[in-house]
Amino acid sequence: MVSFCKAISGPMAGLLAALALFLAPAAFAAGEEMSEQGGSEGATSRTEYVLAVSWQPGFCETRPQRKECESQTAERFDAINLSLHGLWPLRKSYCGVTAEVRAQDRKGSWLELPKLAMADDTAARLLIAMPGVQSGLDRHQWLRSGTCQSGSVDDYFSAQLRMLEELNRSAVGALFRQRIGSELDEATIKQAFDQSFGTGAGDRVRMRCQTVQGRSIITGLTIGLTGDVMKASSLAPLIQAAGPTEFKCAKGIADTAGRS
0 MVSFCKAISG PMAGLLAALA LFLAPAAFAA GEEMSEQGGS EGATSRTEYV LAVSWQPGFC
60 ETRPQRKECE SQTAERFDAI NLSLHGLWPL RKSYCGVTAE VRAQDRKGSW LELPKLAMAD
120 DTAARLLIAM PGVQSGLDRH QWLRSGTCQS GSVDDYFSAQ LRMLEELNRS AVGALFRQRI
180 GSELDEATIK QAFDQSFGTG AGDRVRMRCQ TVQGRSIITG LTIGLTGDVM KASSLAPLIQ
240 AAGPTEFKCA KGIADTAGRS
């Protein structure tokens, strides 16, 4: 196990809205924990990990003041591709992390955590694939989940980058790119997963949506995995080995970047 120390170098409506934006980072962290726990509900014990990917334009509808959302453009990678959120082992987190550091992370001010020590090439690729790096999401993900892996920071994020690249090259990535601004439903997304990763792969996927101004907006997907996630060369066997789960959000819009 790589330790954390080694790894990281009306008026009322307006008031409520302001409070929500002020609490956004902490709420985002809490939401991630709820999502992970929810990801195991309805799934068999075979599922060992969850790969979480974001549809960033939709996510940014819910967190417009996050740094990565303020800087998003229609031409940027995450405006037209699925982007990386994290890789979570189920039922364990913050491995070997002190209570003090854990509490600091849970405040949601992740840029106050020390910067991760990783190769320049990995850092450059991650900045594109995981826009949340601008808010310190990589530091949070390593602290919460990466510390529970046997590899280094580079190993942890390189594995996720491989998975994301394969996902965006697949029929799933093509579907989202082709349907930007349109509604996608459970059957269509599951079909794309089955086409790319084998029959039944879509049953290992859950979609996350949030209602914004009366519209159901897709914010991301969580994909069940089982196996050696650090060394696997393909997503298909990892997905097939996982247990089925509930899709949850039956349909939502793959939103356009910059839409209000």
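0 is the number of the first residue of the sequence shown in numbering that gives the first Met the number 0; add one for each residue after it. Even glycine gets a Cβ: it sits at the ideal position worked out from N, Cα and C.
- Taking the Cα positions, Arg105 is about 33 Å away from Asp184.
- Taking the Cα of Ile238 as reference, the smallest distance to any Cα among Ser232, Thr225 and Lys230 is reached at Thr225.
- At a Cβ-Cβ threshold of 9 Å, Thr61 and Val211 count as neighbours.
- When rounded, the separation of the alpha-carbon atoms in Tyr48 and Ala186 is 23 Å.
- Burial is judged here by how many other beta carbons sit within 10 angstroms of a residue's own beta carbon; Gln177 has fewer than 16 and is exposed.
- In the three-state reduction of the DSSP assignment, Arg62 falls in the coil class.
- Cβ atoms of Val152 and Met117 come within 8 Å of each other, at about 5 Å.
- Residue environment analysis places Asp227 among the exposed positions, since fewer than 16 neighbouring C-beta atoms fall within 10 angstroms of its C-beta.
- In the displayed model, Asp184 falls within a strand according to three-state DSSP.
- In this structure, Leu142 lies away from His84, with their beta-carbon atoms at least 9 Å apart.
- For Tyr155, the three-state secondary structure derived from DSSP is helix.
- Here the segment 89-97 makes no contact with the segment 68-76; the two share fewer than three CB pairs at distances below 8 Å.
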